[in-house]
Amino acid sequence: MAADKYLDSFGTRGRLGVEDTTYQIRRLDRVDGSARLPYSLKVLLENLLRNEDGRLVTAEQVNALAGWDPSAAHGREIAYTPARVLMQDFTGVPCVVDLVAMRDAILELGGQTSRINPLCPTELVIDHSVIADVFGRADAFTINTELEFERNAERYQLLRWGQQAFDDFSVVPPGTGICHQVNLEYLARVVFTRDGADGPMAYPDTLVGTDSHTPMVNGLGVLGWGVGGIEAEAAMLGQPMSMLIPPVVGLKLTGELQPGATATDLVLTVAELLRATGVVGKFVEFFGPGVANVPLANRATIGNMSPEYGATCAIFPIDQVTCDYLRLTGRSEHQIKLVEAYAKEQGMWHDPDRDPIYSQTLELDLSRVEPSIAGPKRPQDRIPLRLAPHTVAALLDGAETTAQALSDLDKASADSFPASDPIAFGESQSEGKPRAHWDGGDKLPWRTDAKPIELADGTRTEIDNGDVVIAAITSCTNTSNPSVMVGAALLARNAVDKGLSRKPWVKTTLAPGSRVVTDYYERAGLTPYLDKLGFNLVGYGCTTCIGNSGPLIPEVSKAVIDNDLTVCSVLSGNRNFEGRIHPEVRMNFLASPPLVVAYALAGTLRLNLVTDPLGTGSDGEPVYLRDIWPTAEEIAAVVDDNLQAEMFTSSYADVFTGDDRWRSLDVPDTDTFSWAPDSTYVRRPPYFDGMTREPAPLTDITGARVLAKLGDSVTTDHISPAGSIRYDSPAGKYLSEHGIERKDFNSYGSRRGNHEVMIRGTFANVRLRNQLAPGTEGGFTRDFTRPDGPVSTIYDASVNYLSAGTPLVILAGKEYGSGSSRDWAAKGTVLLGVRAVLAVSYERIHRSNLIGMGVLPLQFPDGADADSLGLTGEETFDITGVTALSDSIPDTVHVRAGDIEFDATVRIDTPGEADYYRHGGIMQYVLRQLLD
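Residue numbers (my numbering): -1 to 930.
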């Protein structure tokens, strides 16, 4: 919309002078009630004021936000217009595929291809494709990068084509860094500027991202959150995002971290606290005197894990720490002065002495944070490090959950463990030694059933349940944080100096979030020590955290499979869901980078890192973790001496250029893409097949069958895995039938541009448990198109249901769709023929994605679930009242399943979402709008 079409009902147009430049701004202080709003809502208020047009953004929306009621569950609907969109390649490739298909479809419907073009800046970082195939050698990075290009040339060619075919679409090539760290260190503006009709404009930097960890940039005071790719496509095409004014939870920080506690320990504590509080769909905002004690990198770590506790965002207001970080990372002095001046002018500068009004207020004393890990299945399942071996032992002995293991431990031996232990590693830990304490002898007391293995180099050793087979410093959560990265390297140095080495069965990998990490490691002389322990650079990307951990050591893999061992990974990431990290690894634990190194030395989760020696040093004496743990002062000194602004400016000087392999990709100069009919990576999707200019009338759902009956905490990884493709799965068989060798299967994430692979991979996680097919694990169900409903793969059953014209439903428990903002979890669901999902509760992004694909999200009555209602999944379902959505949003629809009847809540929450559903999905809605 042209600038002169924007309204100013509240008289907020103003000016802000910074050095020699005068910026046009929308002054918040001219709106009654704005001063009392939390920081995050002030950002939303400015967004509405600047985009008010009387149609999509109205004065009523502004008044509703200015009059925000902290006690309300949610406020009215508003239209949010992000300044930019951020993508990574796993989610970016299907987005580009969809946009290309939309260009084809708009041509077929008589429109113009130029209408399908990003209308707001979109930046894509290729970071999810590198796999840690090779590790523990100097050439690991080179080999892994070469394999990455060989496997992904078709995908990269599509992205290169998109960069030249679409306006305002930039691509950061492979081998640069993780999207969130690149965003934090380079792409984020904090205060965005662009040319307007009356001169340059300044306004808060806001974004949505196709990765759920987009809130990492909240640490900089930038409001943004993760969305599904289909929502991001609409934002790219200029469509405001419909949302309800959210509740805002204030988390007051006091005190400061104690020696031995890291940013990772802090974020695991925050994740546990906020998940227990219940912040799904809410904003979280940090305030109080402790905020100044949280470095920017630690703030980013906390923001990064927002999806792990369910918050839409977790934001820190702008303050001096923000400006100092911008200076450190090489932003211009003018930009830094603009950020400070704008924040102070708009009342967005943090005041530690002011307690804003929030919907709910919590408090956390930073001094009470202790070293921890989290797992083995969920990020919020925090385990104090001092209790880790006993918790793991209980889990191996049959405890169903971490909470149960900790509870049983507390009941059985509450007096055996220190109640509070800050783990100042230089102090004695002689008191309160737990049971099964190891005195440093040759035989560990729990390794009574270890299986012997002989490695390729002739090393003879053994492996047991609870052993660590992957130790990975990986993922944007921690690799953006110099303190924990330097801490890991110093611990490695100290371990090498003591004569320690990693255990031979552990695969060790280092995948920094940007090249800056490598630069300060080199400058500090720390790289050789990491290399000595096997933590050689394997790539700049997500690797293990996204499931790109690569193969285990072959002999280890064979022993695990042959003996059905329960082995572990320890990673410095943010996700540890079942089946995500590696299909052969059943227990996955999140930990700080220094603890990742420590567990590589220990080789097992059964060792108590607080009280037991890690091994015997070269002097014949036992070496404890406290002997090699670096002090906070030592870490700070190395960071201060070796992290320089010129590292950032040099690293990002040619960030969009890429290497010779990237630049040499053949890219035709065309408006539409030439689909290769034999491609197994990029195929034209079927979403627009048979689409008409007007949507078809809505109908009730009759004669539906249950495709899957699922329990609680089913994640998008369960629904649409990102990792390796099993050779005997429907997706594996498809690839084999198309001439792809098993070694070239790559991953589900890399093949998201091919719907044929992704349909076959939907509900194909090897750890999925479908209660409709008891006794199975993986993508299995019962096929009721055949007599007696025999067990079948979910994909094969769906083919039969589609052929019979039978609609499908999914039954699920609490927190359905938690985890990654994975649009294929919704795309695959609809392409399997699912018309509705009935769940106890939903995670925000997945519910939105289901609507965006035309799937109806329904919620069981309060206090009820499938089991309490007596549903087995064998019933035939009729869902009536759906047609009422043609004109309004009904509170409920009626469900009849055999002899069971109940009313289910309709979880279409806004009029905008209702429009998407009526059109069969958000892409169809947007395409029809662009035809006008």
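Glycine residues also receive a C-beta, built at the ideal position from the N, C-alpha and C atoms.
May I have the straight-line CA-CA distance separating residue i from residue j, to the nearest angstrom?
i, j, result
"G373", "L569", "11 Å"
"S790", "F778", "6 Å"
"S330", "Y519", "25 Å"
"D617", "K501", "19 Å"
"F587", "L272", "19 Å"
"A136", "D529", "8 Å"
"H844", "R48", "29 Å"
"G747", "T542", "13 Å"
"T252", "F743", "50 Å"
"T783", "W503", "47 Å"
"V247", "P666", "50 Å"
"L599", "P549", "20 Å"
"D322", "R25", "25 Å"
"K933", "P305", "A question about residue 933 goes unanswered here, because the residues of the chain that appear run from -1 up to 930."
"E398", "I381", "15 Å"
"S722", "N546", "8 Å"
"A823", "P581", "19 Å"
"D125", "H716", "22 Å"
"D351", "V41", "21 Å"
Less than 7 Å between C-beta atoms, sequence neighbours within five positions excluded: which residues of the same chain meet that for residue i?
i, result
"V904", "L856, I887, P888, D889, T890, V891"
"G852", "V828, Y915, G918, G919"
"D18", "none"
"I626", "L489, N492, A493, K496"
"G613", "L498, L599, V621"
Does residue i pass the burial test, meaning 16 or more other C-beta atoms within 10 Å, or should it be called exposed?
i, result
"K825", "buried"
"Q237", "buried"
"Q59", "buried"
"G258", "buried"
"H388", "buried"
"D203", "buried"
"T477", "buried"
"I300", "buried"
"E576", "buried"
"D317", "buried"
"M602", "Looking at the sequence shown, residue 602 is not Met but Thr. Buried, because 16 or more other Cβ atoms sit within 10 Å of the Cβ of T602."
"K342", "exposed"
"S428", "Because the pLDDT at S428 is just 34, under 50, the model does not fix this residue reliably, and the point stays unresolved."
"T668", "exposed"
"K3", "exposed"
"F654", "exposed"
Excluding five sequence neighbours on each side, which residues of the same chain lie with their C-beta closer than 6 Å to the C-beta of residue i?
i, result
"V123", "Q86, V170, C177, V180"
"G227", "T89, P92, C93, T208, D821"
"V838", "G811, K812, F858, D863"
"P592", "G485, A486, L489"
"R740", "Y725"
"Q155", "L663"
"Y184", "Y650"
"T700", "D876"
"G328", "A643, F646, T647"
"A795", "T779, D781"
Over the uninterrupted alpha helix (DSSP H) stretch that includes residue i, give me the two end residues.
i, result
"G701", "Per DSSP, G701 belongs to no alpha helix (DSSP H); it is in the beta strand (DSSP E), 699 to 707."
"D913", "909 to 916"
"D942", "This structure does not reach residue 942, given that the chain is present from -1 up to 930, and the question cannot be answered."
"G485", "480 to 496"
Going by the DSSP bridge assignment, what does residue i pair with across the sheet?
i, result
"R13", "Q22"
"C566", "V466, M585"
"H892", "T878, D901"
"L508", "I471, L535"
"W347", "I316"
For residue i, report the span of its beta strand (DSSP E) as first-last.
i, result
"D193", "189 to 194"
"N586", "585 to 588"
"V595", "No beta strand (DSSP E) holds V595; the alpha helix (DSSP H) holding it covers 591 to 600."
"D311", "At residue 311 the sequence reads Cys, which differs from the Asp that was named. Element bounds for C311: 311 to 313."
"Q86", "82 to 86"
"G618", "Counting along the chain, G618 falls outside any beta strand (DSSP E), and DSSP gives it neither H nor E."
"D781", "D781 -> no beta strand (DSSP E), and no H or E assigned at all."
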